[in-house]
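A.B. asks: Could you have a look at this structure, given as structure tokens, before my questions?
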Amino acid sequence: DTAVSQTPKYLVTQMGNDKSIKCEQNLGHDTMYWYKQDSKKFLKIMFSYNNKELIINETVPNRFSPKSPDKAHLNLHINSLELGDSAVYFCASSQSRRAGSTDTQYFGPGTRLTVL
Amino acid sequence: GEDVEQSLFLSVREGDSSVINCTYTDSSSTYLYWYKQEPGAGLQLLTYIFSNMDMKQDQRLTVLLNKKDKHLSLRIADTQTGDSAIYFCAERTDSSASKIIFGSGTRLSIRP
Numbered sequence: 280d281t282a283v284s285q286t287p288k289y290l291v292t293q294m295g296n297d298k299s300i301k302c303e304q305n306l307g308h309d310t311m312y313w314y315k316q317d318s319k320k321f322l323k324i325m326f327s328y329n330n331k332e333l334i335i336n337e338t339v340p341n342r343f344s345p346k347s348p349d350k351a352h353l354n355l356h357i358n359s360l361e362l363g364d365s366a367v368y369f370c371a372s373s374q375s376r377r378a379g380s381t382d383t384q385y386f387g388p389g390t391r392l393t394v395l
Numbered sequence: 045g046e047d048v049e050q051s052l053f054l055s056v057r058e059g060d061s062s063v064i065n066c067t068y069t070d071s072s073s074t075y076l077y078w079y080k081q082e083p084g085a086g087l088q089l090l091t092y093i094f095s096n097m098d099m100k101q102d103q104r105l106t107v108l109l110n111k112k113d114k115h116l117s118l119r120i121a122d123t124q125t126g127d128s129a130i131y132f133c134a135e136r137t138d139s140s141a142s143k144i145i146f147g148s149g150t151r152l153s154i155r156p
């Protein structure tokens, strides 16, 4: 029973291509996130959606566009891939942010993107 | 501003206790978390502590929070080879909507 799943696990592509990473959670959570982890393991939030609505959009190039067709899915589309986009991308989800909620985030296994 | 800092590496002997330290800057932190990342895997929540607590114990794990000094630590008793991983400290604050700030991670290695 995978709680947060991502596909693909590995993605190798050429510079300039467009690619998508998919994320699904079966936890019934309202909030989903995308994080980027670089080669030094620094983890940085990119986007957050609550009930299909964008609530966090960090300083991320316009080439990155999240899409949430429903609250169980948050996909990440990347246009015109660059060498610097190579990283591991993690999806996560949590319960709605409300009083008393721990807002614990549950992470997917990651998608390792390599841009050649 | 929001910042979470950790030392990058820690090496301990098998069977000893490991203590991983973390400092944060935002005094409005409500929850503080410890996540574990094993090689090639995603982050797994180990434990969390609410900001009005100063200690939490869960089996081999002890979390200490010094809110005055904005210092958080994770102690792993009887460290085993399976504890080798990167440990991330993270904070959630009321000043950053639904955002959790992660530290840089501490790589724990176990020597025989």
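Residue numbers (this note's numbering), protein chains in the order written: chain Z, 280 to 395; chain H, 45 to 156.
For glycine and all other residues, C-beta sits at the position ideal for the given N, C-alpha and C.
1) Could you tell me whether any Cβ in chain Z is nearer than 8 Å to the Cβ of Ser-148/H?
2) Per DSSP, His-352/Z is paired with what?
3) Counting only Cβ pairs nearer than 8 Å, list the residues of chain Z close to Ile-130/H.
4) Return yes when the Cβ of Asn-305/Z is within less than 8 Å of the Cβ of Ala-371/Z, no when it is not.
5) Can you name the start and end residues of the beta strand (DSSP E) that Ser-327/Z belongs to?
6) Closer than 8 Å, CB to CB, is Ile-300/Z near chain H or not?
7) Is the segment 348 to 365 of chain Z in contact with the segment 291 to 300 of chain Z, if contact means three or more CB pairs nearer than 8 Å?
8) Is there contact here, the segment 334 to 345 of chain Z with the segment 281 to 288 of chain Z, by at least three beta-carbon pairs under 8 Å?
9) Is DSSP giving Asp-364/Z helix, strand or coil here?
10) Could you tell me which chain Z residues have their CB closer than 8 Å to the CB of Lys-143/H, listed as they occur along the chain?
11) Starting from Met-294/Z, follow the beta strand (DSSP E) in both directions and report where the run begins and ends.
12) Rank Tyr-68/H, Ser-62/H and Val-48/H by C-alpha distance to the C-alpha of Thr-125/H and give the top, closest one.
13) Got a sec: is the Cβ-Cβ distance from Gly-307/Z to anything in chain H below 8 Å?
C.D. replies: For this structure:
1) To locate residue 148/H, count along the second sequence from 1; it is residue 104. Yes, Ser-148/H lies at the interface with chain Z (some Cβ there is under 8 Å from its Cβ).
2) As a first step, residue 352/Z must be located in the first sequence, where it is residue number 73. BP columns for His-352/Z point to Glu-303/Z and Asp-349/Z.
3) Mapped onto the second sequence, residue 130/H falls at position 86. Going along chain Z in sequence order, the residues near Ile-130/H (Cβ under 8 Å) are Lys-320.
4) Within the first sequence, residue 371/Z is the residue found at index 92, counting from 1. Within the first sequence, residue 305/Z is the residue found at index 26, counting from 1. Taking 8 Å as the Cβ cut-off, Ala-371/Z and Asn-305/Z do not qualify as a contacting pair.
5) What you label residue 327/Z is simply residue 48 of the first sequence in a count that begins at 1. 322 to 329 is the span of the beta strand (DSSP E), which, as asked, contains Ser-327/Z.
6) As a first step, residue 300/Z must be located in the first sequence, where it is residue number 21. Not an interface residue.
7) yes
8) no
9) Translated into the one-based positions of the first sequence, residue 364/Z becomes position 85. Correct three-state label for Asp-364/Z: helix.
10) Within the second sequence, numbered from 1, the residue matching residue 143/H stands at position 99. Correct list: Ile-324, Ser-327 and Ile-335.
11) Here residue 294/Z is taken as the residue at index 15 of the first sequence, counted from 1. Looking at the DSSP string, Met-294/Z is not in any beta strand (DSSP E), and its letter there is neither H nor E.
12) Walking along the second sequence from the start, residue 125/H turns up at place 81. Taking only the C-alpha atoms, the option nearest Thr-125/H is Ser-62/H.
13) As a working note, residue 307/Z is residue 28 in the first sequence. With 8 Å as the cut-off, Gly-307/Z does not count as an interface residue toward chain H.
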